[in-house]
Each structure stands twice: as structure tokens, then as C-alpha cells.
Amino acid sequence: MEKLMISGGRPLQGMVSISGAKNSAIALIPAAILAESEVILDNLPLLSDVAVYAEILEELGAKVAWEGSQMRIDPSAIKSIPMPNGPVKKLRASYYMMGAMLGRFKEAVVGLPGGCNFEPRPIDQHIKGFEALGATVTNEHGSIHLHAKELRGTKIYLDVSSVGATINIMLAAARAKGATIIENAAKEPEIIDVATLLNSMGAVIKGAGTETIRIEGVSELHGCRHSIIPDRIQAGTYMIAAAATRGDVLIDNVIPKHLEAITAKMQEMGVVIEEFDESIRVKGAPSYEHVDVKALIYPGFATDLQSPMTSLLTQARGVSVLSDFVYSNRFKHVPELVRMGAKIRVEGRSAIIEGGNLNAAKVKAADLRAGAALVIAGLTVEDGVTEVTGVEYIDRGYDHLVSNLRMLGADVWRQSE
Ligand code: EPU
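65 is the number that the UniProt record's numbering gives to position 65 of the sequence shown; each next residue is one higher, with no gaps.
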């Protein structure tokens with residue numbers, strides 16, 4: 001096991017280039033199962049979750065060649081094999097195996113997902129969608145069994161606009177008979193990315209990015225080449241790190257439109273932000289104003305940036321209130337930040353944060369974004385070395401984090417525990 005060591009107090013300076021989006025990649029890889037010939041994915045992030053997904057597809061008989069930021073997936077020899085255990089258990093997003101396998105083989109057995117369990121994360125809306133399409137879904141000893149004679153298009157109204165359920169239903173419906181309409185669909189950019197890939201494979205999907213998505217089922221899908229969108233959460237994390245250290249960083253290979261909510265909130269605090277076509281420059285200021293933040297579904301402030309933002313708000317004057325309306329209890333980073341001297345209390349779904357300096361401490365990342373919050377907190381500490389354990393969570397979502405931070409002038413290194 002490794003830990004991250006951070007000797008903070010240095011403003012981040014320079015340029016960082018953002019990799020492809022994790023939450024797209026781990027939906028696009030299983031989407032390739034639906035094709036009959038090779039799918040090439042470019043701009044793939046180098047992450048442990050991506051490696052696990054490659055392993056899952058190989059277990060099913062796909063040929064996977066992963067070199068640098070490109071993955072070639074030949075799904076032509078894939079077989080319908082039950083996956084109650086094994087790598088599917090390591091990933092939350094293994095739930096996409098349900099939609100992809102159901103879409104191709106009309107059956108699937110997938111062990112209930114693992115991943116970041118910061119709170120119970122139900123999949124009832126995914127199951128409601130599969131059932132509406134004609135599948136029988138049962139939970140047998142911790143595995144979801146899905147089976148359908150045929151999948152038929154239908155209208156599905158999601159009770160919550162879930163990213164995972166929206167994508168999973170698109171995967172299952174792409175090769176169903178007739179038209180499927182998803183109402184109250186999630187609008188996150190990753191959903192558009194998945195629809196773009198499926199359309200390049202021959203699917204007919206309209207409305208992705210709006211709350212109504214229409215999928216005309218087709219009998220067969222073919223291979224294609226697709227470049228993954230930049231990771232808006234990694235980009236937002238570097239924006240926050242640049243501001244928290246009072247640095248000056250150009251964040252390249254981003255879509256500024258995807259970062260509007262975080263940009264607006266940071267400007268409200270007094271951070272100087274310049275937007276270019278495919279990059280954003282973040283310049284820190286000596287002091288920041290407190291702000292209130294509400295994490296919401298897209299295009300609202302991303303819940304995945306809520307934990308990193310908590311660390312930035314410890315650097316603002318006065319009291320900020322940060323509420324998460326997507327997850328009610330995503331605050332595992334708070335007790336660890338308190339260990340570092342932060343004055344934060346959690347009330348219901350809000351963290352109340354009083355600005356002040358942080359101290360070096362030994363802290364533990366309990367999930368991916370909590371880990372990012374602790375790294376940012378460590379970067380702000382003037383004296384001493386902050387030790388962050390739970391690095392395996394951080395490696396799930398941040399491509400080249402240590403080398404990127406070092407390139408920006410941070411004194412960060414990995415050490416064996
Ligand atoms: N929900 C339900 N029932 C469902 C599905 C979701 O009640 O069947 C609820 C959830 O409990 C939550 C809300 O709906 O309160 C939104 O959940 P959603 O389904 O949108 O989340 P997800 O698809 O499981 C993805 C990302 C998360 C990100 C959320 C919200 C992936 C693999 N994960 O999760 O990313 O927080 O959308 O944007 O795409 C991360 O990257 O750190 C991460 C956790």
C-alpha cells in the first residue's frame with residue numbers, strides 16, 4: 001500500500017493538460033460490447049477503473065489492446081458469461097454491464113457493484129428501466145440476473161434524473177425493437193458522450209443532454225472510432241488546487257462550458273479566471289470571500305467537486321455553507337479536514353465551514369473525491385508534511401496526479417506504507 005506525502009505551502013504554477021473523462025470512459029468501454037466489430041477509443045484516461053473494465057471485457061472474450069491513451073476493443077468474440085464475482089465487484093460502474101449485456105445478449109448476470117460507497121447508492125431506476133423494456137430482473141445472492149425474450153421500446157419516466165440509469169437504459173434500448181423515450185433523463189456531458197459513441201456505431205439517439213432522450217432501436221451496431229471528452233471533474237479539481245495555493249495555472253484540454261458552475265462560484269469568491277477555447281487560467285488572490293454552494297445535477301455545481309470545494313472554502317474569510325442536493329451524506333472528508341485543524345460541522349446535507357489555516361496531519365481518504373479534498377488541503381499547509389492514505393481511491397479518478405502536481409511545482413511524492 002502507498003500513501004501520498006505532501007509538503008505544502010507552494011503556489012501551483014504552470015500548465016496541466018486534462019485527460020479524458022473517467023465517468024465517460026467507464027460507460028464507453030462496456031458500450032463497445034454492443035458492436036459487432038472493433039471500437040477504438042481515444043483520449044482514454046490512465047486510471048485503475050479503466051484497467052478493471054478492460055479486464056472485465058477480456059474475461060468475456062473481447063480482444064482489448066490498450067496503448068497510451070488509446071484502447072482498441074474487438075468485441076466480436078464476446079460470449080454471454082455470468083459475472084457474479086471477480087472484477088465487477090471492484091467497480092461501481094460495473095452496473096453498465098447490465099445494460100450492455102442485456103442489449104447484446106438479452107441476458108446478464110452481474111454481481112452487485114463495489115466502488116466508492118460514501119453512502120447507499122440504489123440502482124432501482126436502472127432496474128425500473130430494464131423491466132419497462134421487457135426484462136425480468138431478480139436479485140439472487142447478491143447478483144442481478146436479467147433476462148428478456150426480446151426488448152421492446154417504451155416510455156420510461158425516471159423518478160430521479162440518474163446519470164447511471166440514463167446511460168444504462170440507452171445501452172439496453174439501442175438494439176431494442178421500436179422507440180424508447182427516457183423522460184427526466186440526466187443531462188450530464190458524459191451522457192452526450194455515450195450517445196455520440198452509440199450513434200457513431202449506428203444507433204439512432206436524439207435529445208441526449210436534454211431531459212427527453214429518444215432512442216430508435218436498430219438490429220445491429222458496428223465498430224467506430226471515438227475521442228472521449230475531457231474530464232470536467234479533474235479540471236475542476238486543478239482549478240480548486242490552483243486557487244487554494246494562490247497559484248497561477250493554465251488548465252488545458254477542457255471544455256469551459258462544462259465548468260461554468262465552478263467557474264462562476266470561484267469568481268464570486270474572488271478567484272481570477274480567464275476562459276479560452278480549450279483552456280482555463282486560474283489565478284489565486286491573497287484572500288477570498290465566503291460563498292454558499294449548492295451541489296446539484298448538471299448544469300448545477302457538480303457533487304463530485306463538493307469535497308474538493310470544501311478544502312478551498314477553508315481558505316475563505318468568514319463562514320461558507322456547502323450543501324449537497326445529489327447525495328445527502330457525502331461528507332467523509334470532513335472529519336479528516338477537522339483533523340487538519342479545519343473548523344467544519346455537518347448539519348443535515350450541509351457542511352458549515354469557517355475559514356482558517358490548516359495544519360499537517362495523517363489523514364485517510366475514504367473515497368475518491370474525499371481523497372482529492374485532502375490532497376488540496378495538504379497543498380495549502382505551510383509547515384510540515386501531510387500524509388494521505390487510501391491512495392487506491394484517488395488512483396481511480398486522477399490520471400498522473402502526482403507527476404502533474406510536481407510539474408506545477410508542488411512537493412508531493414508517493415511512499416510505501
Ligand atoms: N439514485 C437513485 N436510484 C437510482 C440511481 C440513483 O435513487 O437507481 C439517486 C442516487 O442515490 C443519487 C442520485 O440519484 O442521490 C444521483 O445518482 P446517479 O445515478 O446520477 O449517480 P451515478 O450514476 O451512480 C455518477 C457518477 C458519480 C457522480 C454521480 C452524480 C459514474 C460512474 N459515477 O454516479 O461519480 O457523483 O453520477 O453526478 O458515472 C465520482 O466520480 O466520484 C462519482 C461518484
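All residues carry an ideal CB built from backbone N, CA and C; glycine is no exception.
Heavy atom of the ligand EPU less than 8 angstroms from the Cβ of R317, yes or no?
Within the sequence shown, numbered from 1, the residue matching residue 317 stands at position 317. Not under cutoff, so the answer is no.
Check the C-beta distance from V64 over to I73 and give it rounded, since I have them as a contact under 8 angstroms.
Your numbering for residue 64 matches position 64 in the sequence shown. Your numbering for residue 73 matches position 73 in the sequence shown. Yes, they are in contact, since the Cβ atoms of V64 and I73 sit about 6 angstroms apart, within 8 angstroms.
So the candidates are P84, P45, M83; which of them puts its Cα closest to the Cα of K66?
Along the sequence shown, one-based indexing puts residue 66 at 66. Correcting the residue identity first, residue 66 is Trp in this sequence and not Lys. Nearest C-alpha to W66: P45.
Which residue marks the beginning of the alpha helix (DSSP H) containing I192, and which one marks its end?
One-based indexing of the sequence shown puts residue 192 at position 192. Run containing I192: 189–200, per the alpha helix (DSSP H) assignment.
By Cβ distance, which residues of its chain are closer than 6 angstroms to A370, with the 5 residues on each side in sequence left out?
Start at 1 with the first residue of the sequence shown, and residue 370 comes out as number 370. So the list reads S307, K332, H333, once near-sequence residues are dropped.
Integer-rounded CB distance, given that A174 should sit under 8 angstroms from G103:
Walking along the sequence shown from the start, residue 103 turns up at place 103. Walking along the sequence shown from the start, residue 174 turns up at place 174. Confirmed, about 6 angstroms.
Can you tell me whether DSSP reads V204 as helix, strand or coil?
What you label residue 204 is simply residue 204 of the sequence shown in a count that begins at 1. Correct three-state label for V204: strand.
Please list the terminal residues of the continuous beta strand (DSSP E) segment that includes Q315.
Reading the sequence shown from its first residue, position 315 is the one you call residue 315. Annotation for Q315: no beta strand (DSSP E) segment contains it, and DSSP assigns it neither H nor E.
Is M1 buried or exposed, if buried means 16 or more other CB atoms sit within 10 Å of its CB?
Taking the sequence shown and counting its residues from 1, the one referred to as residue 1 is at position 1. So M1 ends up on the exposed side.
So for G236, helix, strand or coil by DSSP?
As a working mapping, residue 236 is identified with position 236 in the sequence shown. Three-state DSSP puts G236 in a helix.
Hey, would you say L28 sits closer than 9 angstroms to L197, going by beta carbons?
For the purposes of this step, residue 28 is taken as residue 28 along the sequence shown, with counting starting at 1. For the purposes of this step, residue 197 is taken as residue 197 along the sequence shown, with counting starting at 1. Yes; because the gap between Cβ atoms is below 9 angstroms, this pair is in contact.
Pair within 9 angstroms by beta-carbon distance, L337 and S320
Mapped onto the sequence shown, residue 337 falls at position 337. Mapped onto the sequence shown, residue 320 falls at position 320. Going by C-beta atoms, L337 is not nearer than 9 angstroms to S320.
Give me the DSSP bridge partner(s) of H226.
On the sequence shown, position 226 is the one that residue 226 refers to. Residue pairing by DSSP places H226 opposite L41 in a beta bridge.
May I ask which residues mark the beginning and end of the alpha helix (DSSP H) holding V163?
As a first step, residue 163 is located in the sequence shown; it is residue number 163 there, counting from the start. Looking at the DSSP string, the run of the alpha helix (DSSP H) that includes V163 is 163–173.
With respect to the alpha helix (DSSP H) encompassing G68, which residues constitute its N-terminal and C-terminal limits?
If you number the sequence shown from 1, residue 68 lands on position 68. Unbroken run through G68: none, as it is neither H nor E.
Taking DSSP as the reference, what is the three-state secondary structure of residue 418?
This structure leaves residue 418 out entirely; the chain is present only between 1 and 417.
What residues in its chain sit with their C-beta under 7 angstroms from that of G227, if we drop five residues either side in the sequence?
If you number the sequence shown from 1, residue 227 lands on position 227. Reading the sequence as shown, one finds Ser at residue 227 and not Gly. Within the same chain, D42, N43 come within 7 angstroms of S227 by CB-CB distance, once the 5 residues on both sides are set aside.
F276, DSSP secondary structure in three states
As a first step, residue 276 must be located in the sequence shown, where it is residue number 276. It is coil, neither helix nor strand.
Once the 5 residues before and after E59 are set aside, which same chain residues still bring their CB inside 8 angstroms of it?
In the sequence shown, counting from the first residue as 1, residue 59 sits at position 59. Excluding residues within five positions, the ones whose Cβ falls inside 8 angstroms are I81, M83, G86, P87.
Ordered along the chain, which non-local residues of its own chain (more than five positions away) have a Cβ less than 6 angstroms from that of A366?
As a working mapping, residue 366 is identified with position 366 in the sequence shown. K332.
State the Cα-Cα distance for the pair K128 and K22, rounded to the nearest angstrom.
Stepping through the sequence shown from its first residue, residue 128 is reached at position 128. Stepping through the sequence shown from its first residue, residue 22 is reached at position 22. Those two C-alpha atoms are separated by around 25 angstroms.
List the DSSP bridge partners of Y288.
The residue labelled residue 288 in the question sits at position 288 within the sequence shown. Looking at the DSSP assignment, Y288 forms a beta bridge with A316.
Cβ neighbour criterion (16 or more within 10 Å) applied to R345
Taking the sequence shown and counting its residues from 1, one reaches residue 345 at position 345. R345 should be labelled exposed.
Endpoints, the alpha helix (DSSP H) within which K128 is located
Walking along the sequence shown from the start, residue 128 turns up at place 128. Segment 124–132, the alpha helix (DSSP H) holding K128.
Kindly indicate the opening and closing residues of the beta strand (DSSP E) around A179.
What you label residue 179 is simply residue 179 of the sequence shown in a count that begins at 1. Segment 179–183, the beta strand (DSSP E) holding A179.
Contact check, A241 vs V388, beta carbons under 9 angstroms:
Locating residue 241 in the sequence shown gives position 241, where the first residue counts as 1. Locating residue 388 in the sequence shown gives position 388, where the first residue counts as 1. Their beta carbons are not under 9 angstroms apart, which means A241 does not touch V388 by this criterion.
Is I353 near the ligand EPU, going by C-beta to nearest heavy atom under 8 angstroms?
Here residue 353 corresponds to residue number 353 of the sequence shown, with the count starting at 1. False, no ligand heavy atom lies under 8 angstroms from that Cβ.
Spatial distance of Y53 from I26 (CA atoms):
For the purposes of this step, residue 53 is identified with residue 53 of the sequence shown, where counting begins at 1. For the purposes of this step, residue 26 is identified with residue 26 of the sequence shown, where counting begins at 1. When rounded, the distance between both Cα atoms is 7 angstroms.
Just checking V160 against the ligand EPU - is the residue's beta carbon closer than 8 angstroms to any of the ligand's heavy atoms?
The sequence position of residue 160 within the sequence shown is 160, counting from 1. Yes, since a heavy atom of the ligand EPU falls inside the 8 angstroms radius drawn around the Cβ of V160.
Does the Cβ-Cβ distance between A302 and I233 come in under 9 angstroms?
As a first step, residue 302 must be located in the sequence shown, where it is residue number 302. As a first step, residue 233 must be located in the sequence shown, where it is residue number 233. Yes. Within cutoff.
May I ask you to check if the CB of R225 is nearer than 8 angstroms to at least one heavy atom of the ligand EPU?
Along the sequence shown, read from residue 1 onward, the residue named residue 225 stands at position 225. R225: no, Cβ never under 8 angstroms from the ligand EPU.
Would the C-beta of V110 count as close to the ligand EPU, meaning under 8 angstroms from any of its heavy atoms?
As a first step, residue 110 is located in the sequence shown; it is residue number 110 there, counting from the start. Result no, Cβ not under 8 angstroms from the ligand EPU.
Are K189 and S24 closer than 9 angstroms when you measure CB to CB?
Translated into positions along the sequence shown, residue 189 becomes position 189. Translated into positions along the sequence shown, residue 24 becomes position 24. Position check: residue 189 holds Pro in this sequence, whereas Lys was assumed. Cβ atoms of P189 and S24: closer than 9 angstroms.
For N139, the first and last residue of its enclosing beta strand (DSSP E):
Counting from one through the sequence shown, the residue named residue 139 turns up at place 139. Where N139 is concerned, the enclosing beta strand (DSSP E) stretches over 136–140.
DSSP beta-bridge partners of D383
To locate residue 383, count along the sequence shown from 1; it is residue 383. Note: D383 sits in no beta bridge, so no partner.
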